[in-house]
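In what follows, a single structure is set out as structure tokens and then discussed.
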Amino acid sequence: MNTGSSAVRESFVLPLVFLTVAAAGGLRLAADGVSLRFVPPPLIALVLAVLLLGVMARAGLLLPSGLVGDHRTGLENVSGAVVLLALFAASAQLFTCLTPDAGMLRLLFNLFFVFLLWNTLAAQPDRARLLRSLVVVFGWAYVIRYIALAALADPQGGWTRRIVAALLEGASAGPLAGEPMAPLAGYVAFATVALYMVGLVLLPRARPVEAVAIVTRAPDALE
Amino acid sequence: MKPILVRVAGLVLAAAYASLIVWVYARQPRTVRQLTGGMAVNFEEGLRFFRNDQFMEARAAFERADPAHQDALTQFYVAYSFYRQGWGRVYRDDALFRLGLEAVDRAIAHAPGGRLVVSDGNLGMHTADELRAELQRGAQRSMSDFNPMKVFEPRK
């Protein structure tokens, strides 16, 4: 890996990508299209982020030793630590972005994330498989929150609302309340999830094991 | 460019960006206009009108500053403008006081913990609770309205 491009990626690209995700993850756009608010990560999101970083480290997607270690200079270590902190903040805010703000659904979403991450941790996937798994997990959470639940809350949701209501009929004890939100909210959330996944792909990879030349000498040469 | 310079520049940029994000989350802007700073200009203009006793102009500027009616401080000043406009030495305008009550209720609803303290030396009342009580008293009809000593009460 070229040292220059590696420095640019570690110092500029990754921190900016993850900090943008951290900023956008807590953005809530109200249905009136005017109001907005910024939601800090709840405690459960911090716990989920720690779990997710653990899964990433286990799968080799995140290499803490590649970002911070004795083999790096002080400045490189600070730079690597910034990437780790930004990744942690982005992970926590991504869960905030994909989880409903209140109610039973919030609990269900959090349980869903905990069990899926725990399961992934036990399965010990490699880097590529973990990336695919995260796309599926975050993708489904996005679809449920920003398409299904948003359609339920929209009185003019049309066919989407009817289909979702029919699918959920009998699945809950009472009527399931959707979450009213601005149409733009779904686009912002989509961009946030996509940017986070791009950031994960850009994380430094393990260097390929260098070929080791083993020289053997004939026994007679040792004498 | 040397990698060391790249790293230093990256750290400075990341620190500035992170500070901006923390500032936005701490300040909690309620509209895009507040986020981009348009609120501050309009709010300052509203405050200037308010201090010159140009209450209708002040409310127009406050409306531009907080079109969503979700900023506690702006709504406090809107309520205060109704109070001062509706206050008369011998007569209080009930309609304006009622509009003031609505505004101060919005201010209280959006203030953290429902408590709002405004340290403005130009004001006679510094909390939303005091303003609300004054507006309520003014909007109610009672025997004390006929007390001739009321003409000596100062405008707060």
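Which chain is which? The protein sequence lines are A and B, in order.
By my numbering, the letter at position 195 of the first sequence is numbered 868, and the numbering carries on one by one without gaps.
By my numbering, the letter at position 48 of the second sequence is numbered 1257, and the numbering carries on one by one without gaps.
Backbone N, C-alpha and C fix where the C-beta goes; we use that ideal spot for every residue, glycine too.
*Using 8 Å as the Cβ pair cut-off and three pairs as the minimum, do the segment 1210-1221 of chain B and the segment 815-829 of chain A touch?*
no
*Along the alpha helix (DSSP H) that carries residue 1291 of chain B, what are the first and last residues, could you check?*
Along the second sequence, read from residue 1 onward, the residue named residue 1291 of chain B stands at position 82. Here the alpha helix (DSSP H) through residue 1291 of chain B covers 1281-1295.
*asked:* To the nearest angstrom, how far is the alpha carbon of residue 1236 of chain B from that of residue 1340 of chain B?
replied: By one-based count along the second sequence, residue 1236 of chain B stands at place 27. By one-based count along the second sequence, residue 1340 of chain B stands at place 131. Roughly 24 Å between the two C-alpha positions.
*Would you identify the three-state DSSP class for residue 1328 of chain B, choosing helix, strand or coil?*
Within the second sequence, residue 1328 of chain B is the residue found at index 119, counting from 1. Three-state DSSP puts residue 1328 of chain B in coil, outside helix and strand.
*Could you confirm whether any beta carbon from chain B is found closer than 9 Å to the beta carbon of residue 705 of chain A?*
Taking the first sequence and counting its residues from 1, one reaches residue 705 of chain A at position 32. Interface residue, yes.
_Contact set between residue 1245 of chain B and chain A, taken where Cβ atoms lie within less than 7 Å_ = The count along the second sequence starts at 1 and reaches residue 1245 of chain B at position 36. Going along chain A, no residue has its Cβ under 7 Å from residue 1245 of chain B, so there is no contact; the nearest lies around 12 Å.
*Go through its chain and collect everything with a Cβ distance to residue 1351 of chain B's Cβ below 7 Å, but skip five positions before and after it.*
Locating residue 1351 of chain B in the second sequence gives position 142, where the first residue counts as 1. For residue 1351 of chain B, where only same-chain residues beyond five positions count, there are no Cβ hits under 7 Å.
_Cβ-based burial, residue 718 of chain A [other Cβ within 10 Å; buried from 16]_ = Locating residue 718 of chain A in the first sequence gives position 45, where the first residue counts as 1. Its Cβ being crowded by 16 or more others within 10 Å, residue 718 of chain A is buried.
*Inter-residue Cα distance where the pair is residue 779 of chain A and residue 1355 of chain B*: As a first step, residue 779 of chain A is located in the first sequence; it is residue number 106 there, counting from the start. As a first step, residue 1355 of chain B is located in the second sequence; it is residue number 146 there, counting from the start. Whole-angstrom Cα-Cα distance: 57 Å.
_Outcome for residue 1283 of chain B when other beta-carbon atoms lying within 10 angstroms are tallied against a minimum of 16_ = As a working note, residue 1283 of chain B is residue 74 in the second sequence. Buried, by the Cβ-count rule.
*Does DSSP put residue 1336 of chain B in a helix, in a strand, or in coil?*
Mapped onto the second sequence, residue 1336 of chain B falls at position 127. Strand, per DSSP.
*Identify, in the order they occur along the chain, each residue of the same chain with its Cβ nearer than 7 Å to the Cβ of residue 750 of chain A, setting aside the five sequence neighbours on each side.*
Numbered from its first residue, the first sequence carries residue 750 of chain A at position 77. For residue 750 of chain A, where only same-chain residues beyond five positions count, the Cβ hits under 7 Å are 741.
*residue 709 of chain A and residue 737 of chain A look like a contact to me (Cβ under 8 Å); what is the Cβ gap, rounded to whole Å?*
Within the first sequence, the letter at position 36 stands for residue 709 of chain A. Within the first sequence, the letter at position 64 stands for residue 737 of chain A. About 35 Å separates the two Cβ atoms, so there is no contact after all.
*Would you mind stating whether residue 1256 of chain B and residue 689 of chain A have Cβ atoms separated by less than 9 Å?*
Translated into positions along the second sequence, residue 1256 of chain B becomes position 47. Translated into positions along the first sequence, residue 689 of chain A becomes position 16. Their beta carbons are not under 9 Å apart, which means residue 1256 of chain B does not touch residue 689 of chain A by this criterion.
*Give a yes or no on whether the minimum CB-CB distance between residue 761 of chain A and chain B is below 9 Å.*
Along the first sequence, read from residue 1 onward, the residue named residue 761 of chain A stands at position 88. Residue 761 of chain A does not count as touching chain B.
*Among residues of its own chain, excluding the 5 on either side of residue 884 of chain A, which ones have a beta-carbon nearer than 6 Å to its beta-carbon?*
Against the first sequence, residue 884 of chain A aligns to sequence position 211. Residue placement at residue 884 of chain A is poorly supported in this model, since its pLDDT is 46, which falls under 50; the coordinates still yield a value, given next. No residues qualify anywhere along the chain.
*Return the residues of the segment 1303-1332 of chain B that lie within a Cβ-Cβ distance of less than 8 Å from chain A, sorted by chain order.*
none
_Residue range of the unbroken alpha helix (DSSP H) whose run includes residue 692 of chain A_ = Start at 1 with the first residue of the first sequence, and residue 692 of chain A comes out as number 19. Per DSSP, residue 692 of chain A belongs to the alpha helix (DSSP H) from 687-698.
_Cβ closer than 8 Å: which chain A residues qualify as neighbours of residue 1239 of chain B?_
As a working note, residue 1239 of chain B is residue 30 in the second sequence. Simply 708, 709, 710.
_Sequence-distant residues of its chain with Cβ nearer than 7 Å to residue 869 of chain A (five each side left out)_ = Residue 869 of chain A sits at position 196 when you count from the first residue of the first sequence. Counting only Cβ-Cβ distances below 7 Å, and skipping sequence neighbours, we find 694, 763, 767.
*Just the C-alpha distance for residue 1331 of chain B and residue 1232 of chain B, rounded to the nearest angstrom, thanks.*
Counting from one through the second sequence, the residue named residue 1331 of chain B turns up at place 122. Counting from one through the second sequence, the residue named residue 1232 of chain B turns up at place 23. One C-alpha to the other measures close to 28 Å.
*Enumerate in chain order the residues of its own chain whose CB-to-CB distance from residue 674 of chain A is below 7 Å, with the five nearest sequence positions on each side excluded.*
The count along the first sequence starts at 1 and reaches residue 674 of chain A at position 1. Bear in mind that a pLDDT of 47 at residue 674 of chain A, under 50, signals an unreliable position, so the model cannot answer this.
*Note down, in chain order, every chain B residue with its Cβ under 8 Å from the Cβ of residue 699 of chain A.*
Against the first sequence, residue 699 of chain A aligns to sequence position 26. Correct list: 1234.
_Using a Cβ-Cβ distance cut-off of 9 Å, determine whether residue 1287 of chain B contacts chain A._
For this step, residue 1287 of chain B is matched to residue 78 along the second sequence. For residue 1287 of chain B, the answer is no, since every Cβ of chain A falls outside 9 Å of its Cβ.
*Enumerate in chain order the residues of its own chain whose CB-to-CB distance from residue 713 of chain A is below 7 Å, with the five nearest sequence positions on each side excluded.*
Indexing the first sequence from 1 puts residue 713 of chain A at position 40. Contacts found: 699.
*Does the Cβ of residue 854 of chain A have 16 or more other Cβ atoms within 10 Å, making it buried, or fewer, making it exposed?*
For this step, residue 854 of chain A is matched to residue 181 along the first sequence. Label assigned to residue 854 of chain A: buried.
*asked:* Bridge partners for residue 752 of chain A per DSSP, in chain order?
replied: On the first sequence, residue 752 of chain A is found 79 positions in, with the first residue counted as 1. According to DSSP, which records beta bridges pairwise, residue 752 of chain A is partnered with nothing at all.
*For residue 726 of chain A, does the three-state DSSP call read helix, strand or coil?*
Here residue 726 of chain A refers to the residue found at position 53 of the first sequence. If DSSP states are grouped into helix, strand and coil, residue 726 of chain A belongs with the helices.
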